[in-house]
Structure formats: C-alpha cells, structure tokens
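K.L.:
The number in my numbering is simply the position in the sequence shown, starting from 1, with 279 added.
Idealized CB from N, CA, C, for every residue including glycine.
One structure, pasted below without further comment.
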Amino acid sequence: MNNKDFLRINVGYLLNQAVGTYRDVDFETPHLEIDADFQVENFKGTARLSRVQQGILVQMNCEGDTEIDCVRCLTPYTQHLTVEFDELFALPNLRQNQDADNFLPENGNIDLFPLVDEFMTMEIPIKPLCDKNCKGLCQECGANLNVETCEHHAI
Numbered sequence: 280m281n282n283k284d285f286l287r288i289n290v291g292y293l294l295n296q297a298v299g300t301y302r303d304v305d306f307e308t309p310h311l312e313i314d315a316d317f318q319v320e321n322f323k324g325t326a327r328l329s330r331v332q333q334g335i336l337v338q339m340n341c342e343g344d345t346e347i348d349c350v351r352c353l354t355p356y357t358q359h360l361t362v363e364f365d366e367l368f369a370l371p372n373l374r375q376n377q378d379a380d381n382f383l384p385e386n387g388n389i390d391l392f393p394l395v396d397e398f399m400t401m402e403i404p405i406k407p408l409c410d411k412n413c414k415g416l417c418q419e420c421g422a423n424l425n426v427e428t429c430e431h432h433a434i
C-alpha cells in the first residue's frame, strides 16, 4: 500500500444521508512522504466529513514534524507543523459552480493527500530558525557560533 492511500476516503455513503450528517475520521502514520525532499514524521489528524447542501465539507486538523535546515546556522532541526483547513467537495451536478475548487468523483472516493501536501507545505517557515536567538555562522571562518567561538567572535 502506498503510504498516501490512507488519506483516500469513500464518502459515497454520506451522499445518501440528510444534510448535517457527519463522520469523524482519524489518521495516523509514523512517516508521510510528501515528496522526495519533504517528509512528515508522526503525522496525525482528524477529518470531519459533513454532508452539506453543495456536497461534502471536509474540516481537517493535522500535525506532524519535519526536519529542515536553519537559515542562519544550517543545522537541521525538527519543525512542528500544525494545519487546519476546510474544503468543499461539490456534487458532480454542480460543476457549473465556478466557486468550487474540488468536485466529488463519480466513485465517491476523495483524496485528501493533495490538500495535506498543499497546506503542510505552506506551513513551512520562509526563514526557518532552529531558535529565535540563533547566532548563525561566522562569516569569516564558517564556525557555528551556537556551539563554538572563533577568533573573529571573541566573547
């Protein structure tokens, strides 16, 4: 099984339910590969799938850890990511609705992976820092000033 398959959900049963019916689905995996350069460890989340007039509303909360490099000292560190999003999967007969970004497939299976990918990626800081007080690298010799001093930065 592909490690992304657990984010595919059959919601066909909800289409026959009354508006307002919902179901909560929990997700958890020790490792989620978003792409070759972006992995999320300890991924977990909950999706509330609600039958609404227009289709199925997905309200997702998820979190996980990823390893990224600090922009100042270039040391890898673990960044915790927390994501919340709401996404409507519109009924196929509403395809003329220009406001909908996603439509329910004919088979009733929705894939949440592209949304998790998009929103997790947006949570990565533009300038990731291992610590707000990171001293960075010496511009002369390249020493990591968080762990050592050098002749250029005597205390």
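#1: Going along the chain, which unbroken runs of the beta strand (DSSP E) with 3 or more residues stay wholly within the segment 362 to 406?
#2: Am I right that T357 and D344 are in contact with their C-beta atoms under 8 Å? What's the rounded C-beta distance?
#3: For D365 versus M339, is the C-beta distance shorter than 9 Å?
#4: According to DSSP, what are the bridge partners of A326?
#5: Output the distance between the C-alpha atoms of F322 and E430, rounded to the nearest integer angstrom.
#6: Would you list the one or two residues that DSSP bridges to E320?
#7: If we ignore side chains and look at the alpha-carbon of each, how far apart do P393 and T400 end up?
#8: Using DSSP with H/G/I as helix, E/B as strand and the rest coil, what is G291?
#9: Taking all protein chains shown into account, decide if G421 is buried (16 or more other Cβ within 10 angstroms of its Cβ) or exposed.
P.N.:
Once the coordinates are examined:
#1: 388 to 390
#2: 5 Å
#3: yes
#4: V304 and M339
#5: 44 Å
#6: H310 and D344
#7: The straight-line gap from Cα to Cα measures roughly 11 Å.
#8: helix
#9: With fewer than 16 other CB atoms across the displayed protein chains lying within 10 angstroms of its CB, G421 is exposed.
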